[in-house]
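Its first residue numbered 1, the sequence shown is counted upward by one per residue in the working numbering.
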Amino acid sequence: MKQTRYQNPLLPTDFPDPSVIAAPTGGYYAYATHDKFSPTTCNIQLSHSTDLVNWSEPVGALVEPPVWARHCREFWCPQVVLVEDEYRLYYAAKPDNGDDMQLALATSKTPDNFVDIGKPLTTQMGGGYTMIDPHFFADPQTGKQYLYYGSAHEPIRAYEVARDGFTFIGDPVDVLPPRPGVKFETLREGAFVVYRLESKRYFMWVSGDNTWEAGGYAISVYWSDNPLTNFQPIPDQHVILQPGAEWDSPGQNCIVTDAAGQDWIIYHAVDATDRYVPDTDRFLRKMCMDRVQYTADGWPFIAGNKPSAHLRPGPIVVE
1 MKQTRYQNPL LPTDFPDPSV IAAPTGGYYA YATHDKFSPT TCNIQLSHST DLVNWSEPVG
61 ALVEPPVWAR HCREFWCPQV VLVEDEYRLY YAAKPDNGDD MQLALATSKT PDNFVDIGKP
121 LTTQMGGGYT MIDPHFFADP QTGKQYLYYG SAHEPIRAYE VARDGFTFIG DPVDVLPPRP
181 GVKFETLREG AFVVYRLESK RYFMWVSGDN TWEAGGYAIS VYWSDNPLTN FQPIPDQHVI
241 LQPGAEWDSP GQNCIVTDAA GQDWIIYHAV DATDRYVPDT DRFLRKMCMD RVQYTADGWP
301 FIAGNKPSAH LRPGPIVVE
């Protein structure tokens, strides 16, 4: 085992909505939104690390754009999961025949070189629910699979999905509604669900309100004893990661467990001294990381409730 040390950011480039997976063959892979400001030209961004601290220059994760979105320059909020021997890349993209984002899926036998399945998972067109930010969750308690998504000022929703990962079962369920007028809760997006066996609780990490507003974006945590209903704010400090003096607008996170069983939140944030993508007015969202700890009663917290800015002990990894 090796004790790492790190200082935010993990990558100096625009790498928003990061999602990280540990590969069984060793190492870690991070995936991020690709848009017209991204450094890669091959669609969804992909970076590799052996220790969760030092990351490679991003490349493209998709072999080529999907046939239904050849002209798309916006591939949002990817998440990769390994199901049996198949890597699944869930993401959102704009189809060539419409303006609305759709949920999508690409697959691979390795953590790179993904190929889209040939059609979007959803076909909603025109003025409806905003289909973004897909998150796949396999419930260890029941074996059921769910796909969470959404969505602007609407509730976070979820479908149960079949073993193939793309066939929806039944109708979508409204899982977590927004709270109009409440800071960081008026808009919900970027849901990430984990189950903690120690406390027998489902935790939903979610971001809001406005990623493009200074001081306007943060990460909150909700809990339930059911993955589809009755999510409530965790006690004390449910807005678990808030804007700070050094790092603004933290959001769109995933949770990764290191070799010692410690949980880490990986998210994007805006450097207060380097706010913008060059020659634009768009925030430069860099990948950052902090440790998640738990109270004696099993509630998650992050020291200081703000992104860290100085050198500190990092994840423990296998040498």
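All C-beta atoms in this analysis are idealised placements derived from N, C-alpha and C, irrespective of residue type, glycine included.
Below 8 Å, how does it come out for the stretch 110-123 and the stretch 169-187: are there three or more Cβ pairs, yes or no?
Not touching, per the Cβ criterion.
Determine the DSSP secondary structure at Asn323, reduced to helix, strand or coil.
Only positions 1 to 319 of the chain appear in the structure, and residue 323 is not among them; the question remains open.
What are the uninterrupted segments assigned as beta strand (DSSP E) that are 3 or more residues long and contained completely in the stretch 219-282, given in chain order?
Listed in chain order, they are 239-241, 247-257, 263-271.
Looking at the structure shown, is Val53 part of a helix, part of a strand, or coil, going by DSSP?
In the sequence shown, counting from the first residue as 1, residue 53 sits at position 53. Three-state result, Val53: coil.
Smallest Cα separation from Gln335: which of Pro58, Gly150, Ala162?
Outside the shown range of the chain, which is 1 to 319, sits residue 335, and nothing can be said about it.
Check for me: the beta strand (DSSP E) holding Arg157 runs from which residue to which?
Translated into the one-based positions of the sequence shown, residue 157 becomes position 157. Element bounds for Arg157: 156-161.
Throw me the rounded Cβ distance for the Phe231 and Leu176 pair, which I believe falls under 8 Å.
Taking the sequence shown and counting its residues from 1, the one referred to as residue 231 is at position 231. Taking the sequence shown and counting its residues from 1, the one referred to as residue 176 is at position 176. Contact holds; Cβ gap of about 5 Å.
Across which residues does DSSP place Leu105 in a beta bridge pair?
Indexing the sequence shown from 1 puts residue 105 at position 105. Its beta-bridge partners are Tyr90.
If you drop the 5 nearest sequence neighbours on each side, which residues of the same chain put their C-beta closer than 8 Å to that of Gly27?
Reading the sequence shown from its first residue, position 27 is the one you call residue 27. Excluding residues within five positions, the ones whose Cβ falls inside 8 Å are His48, Ser49, Thr50.
Taking the continuous beta strand (DSSP E) assigned at Trp205, which residues delimit it?
Numbered from 1 along the sequence shown, position 205 holds the residue referred to as residue 205. Residues 201-209.
Here's the rule I'm using: 16 or more other beta-carbon atoms within 10 Å means buried, otherwise exposed. How should Ala218 be labelled?
On the sequence shown, position 218 is the one that residue 218 refers to. Counting Cβ neighbours within 10 Å, Ala218 comes out buried, since at least 16 surround it.
Taking Cβ to Cβ, would you say Val53 is nearer than 9 Å to Arg88?
To locate residue 53, count along the sequence shown from 1; it is residue 53. To locate residue 88, count along the sequence shown from 1; it is residue 88. No, the Cβ-Cβ distance between Val53 and Arg88 is not below 9 Å.
Are at least three pairs of beta-carbons, each pair with one atom in the stretch 241-259 and one in the stretch 205-217, less than 8 Å apart?
Yes: at least three Cβ pairs fall under 8 Å.
Span of the beta strand (DSSP E) holding Leu147?
Mapped onto the sequence shown, residue 147 falls at position 147. Note, Leu147: beta strand (DSSP E), 145-149.
How long is the line joining the alpha carbons of Val20 and Tyr29, rounded to whole angstroms?
Mapped onto the sequence shown, residue 20 falls at position 20. Mapped onto the sequence shown, residue 29 falls at position 29. Spanning the two alpha carbons is a distance of roughly 6 Å.
Relative to the C-alpha of Ile156, which residue among Lys306, Thr295, Ser220, Asp174 is closest?
Here residue 156 is taken as the residue at index 156 of the sequence shown, counted from 1. Taking only the C-alpha atoms, the option nearest Ile156 is Asp174.
Here's the rule I'm using: 16 or more other beta-carbon atoms within 10 Å means buried, otherwise exposed. How should Asp116 be labelled?
Locating residue 116 in the sequence shown gives position 116, counting from the first residue. Buried is the call here.
Just curious, the beta strand (DSSP E) that His345 is in, first and last residue?
Here the chain comprises residues numbered 1 to 319, so residue 345 is not present and cannot be evaluated.
What would DSSP say about Gly126, mapped onto helix, strand or coil?
For the purposes of this step, residue 126 is identified with residue 126 of the sequence shown, where counting begins at 1. With a pLDDT of 49 at Gly126, under the threshold of 50, the modelled position of this residue cannot be trusted, and the question is left open.
Of the choices Thr280, His153, Leu147, Cys72, whose alpha-carbon is the least far from that of Lys170?
Within the sequence shown, the letter at position 170 stands for residue 170. As written in the sequence, residue 170 is Gly, which differs from the Lys given in the question. Closest option to Gly170, Cα to Cα, is Leu147.
Looking at C-alpha atoms only, which residue of Pro9, Ala104, Gly143, Thr186 is the closest neighbour of Ile132?
On the sequence shown, position 132 is the one that residue 132 refers to. It is Ala104.
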